[in-house]
Every structure is written in C-alpha cells, then in structure tokens.
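As numbered in my numbering, residues 754 to 921 make up the sequence shown, in order.
Each residue gets a CB set at the ideal place from its N, CA and C atoms; glycine is no exception.
Everything on this sheet refers to the single structure shown next.
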Amino acid sequence: MEYGYYHRHLNTDAVGRYDVTPLFADQQVFDNLVRDLGRSAPGDCTHVGGVEALGLVLGAAVARDLGCGFVPVRKGGKFPLRDEDLYRRQLTDYSGQTKTLELARGLLDAGDKVFLVDDWIETGAQMWAACHLVEDAGAAVAGVSVLRAHRDERTRDLFERYDVTSIG
Numbered sequence: 754m755e756y757g758y759y760h761r762h763l764n765t766d767a768v769g770r771y772d773v774t775p776l777f778a779d780q781q782v783f784d785n786l787v788r789d790l791g792r793s794a795p796g797d798c799t800h801v802g803g804v805e806a807l808g809l810v811l812g813a814a815v816a817r818d819l820g821c822g823f824v825p826v827r828k829g830g831k832f833p834l835r836d837e838d839l840y841r842r843q844l845t846d847y848s849g850q851t852k853t854l855e856l857a858r859g860l861l862d863a864g865d866k867v868f869l870v871d872d873w874i875e876t877g878a879q880m881w882a883a884c885h886l887v888e889d890a891g892a893a894v895a896g897v898s899v900l901r902a903h904r905d906e907r908t909r910d911l912f913e914r915y916d917v918t919s920i921g
C-alpha cells in the first residue's frame, strides 16, 4: 500500500507527532501494514527486532508474519535484568532528551540477521542505537523498515549504512 492509504487512518490531531495507533484498530489496515513493513525483509533474516514503544507491537507482528523469532529493543530500565545481562546504548532523541536503549544478552548469536522495525524515524538516533545494539550482540542488521522516515542531514548516514525502507 502507499503511504497515503495509511495516512488517512492516522490521528493527525495528536500532540507532538502523529498517533499511529488507529492503524492497529482496523484489522485490515493492520494486516496490510504488517505485510508492507515485512516486504523488504531478506529471506535469510533470523529475527525481527522491534524498538520500544510502538515498534514492539509492529515488530512482533512482522516476526510472526515472517516466521522469525522476535527480539525486543527496550527503553532503559524496562528489562528485569542485571546491568551485566544487557547491551546498552545512549542516544539523544528527537525531543533533545538523553535516553537509553537496551537489548538482553543471550537473545542473539553471531551469524543471526536481524530485521529492525519501528513506526517512525525522525532524527535516526533511536534506530542508530538499535542497530548498534544488534551489532554489539554479534549479529548483523539485515535491514530496517518503518512506516515513515525523514530523510535529511540527521538521517543520511543511517540510510547510507543500512538498508532502510520506509512506506512513506
């Protein structure tokens, strides 16, 4: 589907950014979105990674659709694990706040290929951190898929290094 199809279902009156959760409420729209997000996944990907928050919903659905395992990339402090059991990366997000993303150790092995999914790429900082976490675990980033990505100076390096696909 084209981005316009999904845009019609977004809540554009939300504060700060669009609310994509209405896409989840309509089963047909959600099914189409999951298929479209997974369309660029390489056939040899072993896992789908979803970036918290909405990427967890989308990534888990894409993983199920592709028949892959799912690995959550969580915001700092959300895993019930000790520090030594986590890979951790800090970033400055689109609002200018410093945040941490984490990936649990032991979920990925060397040779695994992870296809990362999220709803939106604004500055690219969160997706950069997610990609680095996958690589810190010894796995490879098999690609990135999002509903919408801004292409500008802030995201240029992300698009150059990784296979990033955006519906819109």
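{"query": "Got a sec, what are the start and stop residues for the alpha helix (DSSP H) PHE912 sits in?", "result": "909-914"}
{"query": "Determine the burial state of GLN780: buried for a count of at least 16 other Cβ atoms within 10 Å of its Cβ, exposed for fewer.", "result": "exposed"}
{"query": "Anyone know if the C-beta pair for GLY791 and VAL824 falls short of 7 Å?", "result": "no"}
{"query": "Within the continuous alpha helix (DSSP H) that includes ASP818, where are the two ends?", "result": "807-819"}
{"query": "With H, G and I counted as helix, E and B as strand and the rest as coil, what does DSSP make of VAL887?", "result": "helix"}
{"query": "Taking the C-alpha atoms as reference points, what is the distance between LEU839 and GLY829?", "result": "10 Å"}
{"query": "For ASP906, tell me which candidate among ALA863, ALA813, GLU875 has the shortest Cα-Cα distance.", "result": "The sequence shown places Glu at residue 906, not Asp. When only C-alpha atoms are compared, the closest one is GLU875."}
{"query": "To which residues of the same chain is GLY877 closer than 7 Å at the C-beta, ignoring the five residues directly before and after it?", "result": "ARG907, THR908, LEU911"}
{"query": "If you draw a straight line from the C-alpha of ALA794 to the C-alpha of HIS885, how long is it?", "result": "19 Å"}
{"query": "DSSP puts GLY896 in a beta bridge; with which residues?", "result": "PHE868"}
{"query": "Any idea what DSSP makes of GLN843, helix, strand or coil?", "result": "strand"}
{"query": "If you draw a straight line from the alpha carbon of MET880 to that of ARG914, how long is it in whole angstroms?", "result": "12 Å"}
{"query": "Using the Cα positions of HIS903 and TYR771, report the straight-line distance between them to the nearest angstrom.", "result": "13 Å"}
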